[in-house]
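Peer 1: My questions will all concern the structure given below.
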Amino acid sequence: DQQVKQNSPSLSVQEGRISILNCDYTNSMFDYFLWYKKYPAEGPTFLISISSIKDKNEDGRFTVFLNKSAKHLSLHIVPSQPGDSAVYFCAASAYTGNQFYFGTGTSLTVIP
Amino acid sequence: DTEVTQTPKHLVMGMTNKKSLKCEQHMGHRAMYWYKQKAKKPPELMFVYSYEKLSINESVPSRFSPECPNSSLLNLHLHALQPEDSALYLCASSRGVLGGYQPQHFGDGTRLSIL
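Listed below in structure tokens is the structure:
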């Protein structure tokens, strides 16, 4: 059973505009969430994380929002750049857990 | 540049061969992981080592045999693999494994093809 879901397999955005990637989870025990970026032929690179005591975390152009009641998180990239074109995975874990659960990924294309 | 180094980057082997995948990290992390990733799928956890001891084996077939010689190295020994084992094998590490808000850092993976 997929506990973390990314329902949009792909997303295209114009350069300079906002990219919004979405992720839903089902396990209410999850309290730590991460986003990874993956280029072809490379491993996933850690991008940004958020714990459940917060509802927003920012790092430069990247902001993650967490809505615990909806069991939903999103990653905003502003402004989007062509170098942001990659597959983005969200992942979740529980503080007392011992593994991460990954979503299926969203392929972002930023059009110059 | 990734701080988790995996070798080889590509490996082609027959079903009767024995080969090993290697992973190295020098970040002082005490937890190391093996994942398998098929195309357009999320990474699937295979094994977790915590302080050089195997702590999780996600019902992986015995033709995959992990080994953690020291806190910086992780190997995955392969024997009698099947064509369906062709995939990208990812190694990751983190500061700890049991609890806490700690990201995993991934290597670039080994692309394995079984003939």
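Chains as they are written, first to last, in the working numbering: chain A, 5 to 116; chain B, 11 to 125.
Think of the CB as a built atom: it goes at the ideal place given N, C-alpha and C, for glycine as much as any other residue.
Note that the coordinates shown come from a computational prediction; the quantities given were computed from them, not determined experimentally.
(1) Would A/L25 and A/S78 be called neighbours here (beta carbons separated by less than 8 Å)?
(2) Can you tell me which of B/L88, B/L21 and B/T15 puts its alpha carbon nearest to the alpha carbon of B/M42?
(3) Of all Cβ atoms in chain A, is any one closer than 8 Å to the Cβ of B/V22?
(4) So which residues of chain B does A/S16 contact, with C-beta pairs closer than 9 Å?
(5) What did DSSP end up calling B/D118 once you bin it into helix, strand or coil?
(6) Output, in chain order, the set of chain B residues within a Cβ distance shorter than 9 Å of A/P44.
(7) If I follow the unbroken beta strand (DSSP E) through A/I115, where does it start and stop?
(8) What residues from the region 51-78 of chain A come within 7 Å of chain B, judged by C-beta to C-beta, listed N to C?
(9) Quick one, which of A/G47, A/Y43, A/G64 and A/F34 has its alpha-carbon nearest A/I57's?
(10) Which same chain residues, not among the five before or five after A/Y36, have their C-beta less than 6 Å away from its C-beta?
(11) Can you check whether the CB of B/S30 is closer than 8 Å to the CB of B/H115?
(12) When the Cα atoms are used, what is the spatial distance from B/L83 to A/R21?
Peer 2: From the atom records:
(1) With a cutoff of 8 Å on beta-carbon distance, A/L25 and A/S78 are scored as near each other.
(2) B/T15
(3) no
(4) Those within 9 Å of A/S16 in chain B number zero; the least Cβ separation is about 17 Å.
(5) coil
(6) Those within 9 Å of A/P44 in chain B number zero; the least Cβ separation is about 10 Å.
(7) T110 to I115
(8) Answer in chain order: S53 and S55.
(9) A/F34
(10) Correct list, in chain order: S55 and S97.
(11) no
(12) If I take the Cα positions, the gap works out to 43 Å.
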